[in-house]
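To start, the structure itself, in structure tokens.
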Amino acid sequence: MKGLKDFCIPFSGLKLGDNIFQNKIDKSFFEAFNYSNPHDCNINVSVNFKKEVHLMYIHLKYEGITNIDCDRCLEKMQVEIQGGFKSVLKFDHIEDVITKNEVIYLPYDCHEFNIAPVLYEHYLLNFPKRNIHPTEKCNVEQLNLVLKYTNNETSNSDTNDHDPRWEALKVLKNKNKK
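What follows is the structure in structure tokens.
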């Protein structure tokens, strides 16, 4: 994962107590993960890495703006995003980093922790699944084009694949409206 070295926290040299780190996420962050649809964003990340003798705590906050296509009209829109999470870092007799619930287990020979994979996963899980403008801000020409082709497909499929069960359901539906 080239380009993510800024997200590595070398905790072996940190002082005990709170250690604050600031970072930014942009399109290159998602490209480093080979994400198929990299978000064009400008997000500030704040990390409070608290080091104690046998445990470490990480409190991560992020907020900013992501530019993405509207799912309805395909015009660019801005989505405000904010989130955060807390986790405990513990050492264990393991070979690779393991995450269970809100605890991240690190091997004893580990001297740094890269927050990029955790941040990437948390961001994508919390990003809205459907992004649409309010109807009045959508591109009217694009909406009319979508309506034109969706209505055409529906009428063509009804004539080609006539199923009497659908007619019976329409009768029941119309009875309920009365």
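Numbering (the working numbering), first residue to last: 33 to 210. Where is the CB? At the ideal position from N, CA and C, for every residue including glycine.
Problem set entry | Range covered by the beta strand (DSSP E) that runs through Leu48 | Counted from its first residue, the sequence shown places residue 48 at position 16. Taken as a continuous stretch (DSSP letters only), Leu48 belongs to no beta strand (DSSP E), as it is neither H nor E.
Exercise. If we call anything under 9 Å between Cβ atoms a contact, is Val77 one with Tyr94?
Worked result: Locating residue 77 in the sequence shown gives position 45, where the first residue counts as 1. Locating residue 94 in the sequence shown gives position 62, where the first residue counts as 1. In this structure, Tyr94 lies closer than 9 Å to Val77 by Cβ.
For this session: Compare the beta carbon distance of Cys73 and Lys83 with 9 Å and say whether it is the shorter of the two.
Result: Sequence index remark: in the sequence shown, residue 73 carries index 41 (1-based). Sequence index remark: in the sequence shown, residue 83 carries index 51 (1-based). Their beta carbons are not under 9 Å apart, which means Cys73 does not touch Lys83 by this criterion.
Exercise. Alpha carbon to alpha carbon, how far is Val203 from Val178?
Worked result: Within the sequence shown, residue 203 is the residue found at index 171, counting from 1. Within the sequence shown, residue 178 is the residue found at index 146, counting from 1. Roughly 28 Å between the two C-alpha positions.
Problem set entry | Reduced DSSP category for Leu36 - H, G, I as helix; E, B as strand; rest coil | Counting from one through the sequence shown, the residue named residue 36 turns up at place 4. Three-state result, Leu36: coil.
Problem set entry | Buried or exposed (CB count within 10 angstroms, at least 16 for buried), Val79 | As a first step, residue 79 is located in the sequence shown; it is residue number 47 there, counting from the start. Buried, since its Cβ has 16 or more Cβ neighbours within 10 Å.
Exercise. If you run the structure through DSSP and keep just helix, strand and coil, what is Val150?
Worked result: Locating residue 150 in the sequence shown gives position 118, where the first residue counts as 1. Val150: helix per DSSP, three-state reduction.
For this session: Rounded to whole angstroms, what's the CA-CA distance from Lys132 to Lys122? Just pull it up for me.
Result: Numbered from its first residue, the sequence shown carries residue 132 at position 100. Numbered from its first residue, the sequence shown carries residue 122 at position 90. Each residue's Cα considered, the two are about 11 Å apart.
Problem set entry | Beta-carbon proximity check, Glu282 vs Ser44, cutoff 9 Å | Look at the range of the chain in this structure, 33 to 210, and you will see that residue 282 is not part of it.
Problem set entry | Beta-carbon proximity check, Phe62 vs Tyr152, cutoff 9 Å | Residue mapping note: residue 62 aligns to position 30 of the sequence shown, counting from 1. Residue mapping note: residue 152 aligns to position 120 of the sequence shown, counting from 1. Going by C-beta atoms, Phe62 is nearer than 9 Å to Tyr152.
For this session: Measure the alpha-carbon distance for Pro166 versus Lys205 and round it to whole angstroms.
Result: In the sequence shown, the residue the question calls residue 166 occupies position 134. In the sequence shown, the residue the question calls residue 205 occupies position 173. Each residue's alpha carbon lies about 30 Å from the other.
For this session: Quick one: using the 10 Å Cβ neighbour count with 16 as the cut-off for buried, is Glu185 buried or exposed?
Result: One-based indexing of the sequence shown puts residue 185 at position 153. Here the model assigns Glu185 a pLDDT of 48, short of 50, so the residue's position is not dependable, and the following value carries that caveat. By the neighbour-count rule (16 or more Cβ atoms within 10 Å), Glu185 is not buried but exposed.
For this session: Starting from Phe122, follow its DSSP beta bridges and name the residues at the other end.
Result: Position 90 of the sequence shown, counted from the start, is the residue given in the question as residue 122. Per the sequence shown, residue 122 should be read as Lys rather than Phe. In the DSSP output, where bridge partners are listed per residue, Lys122 has Tyr137.
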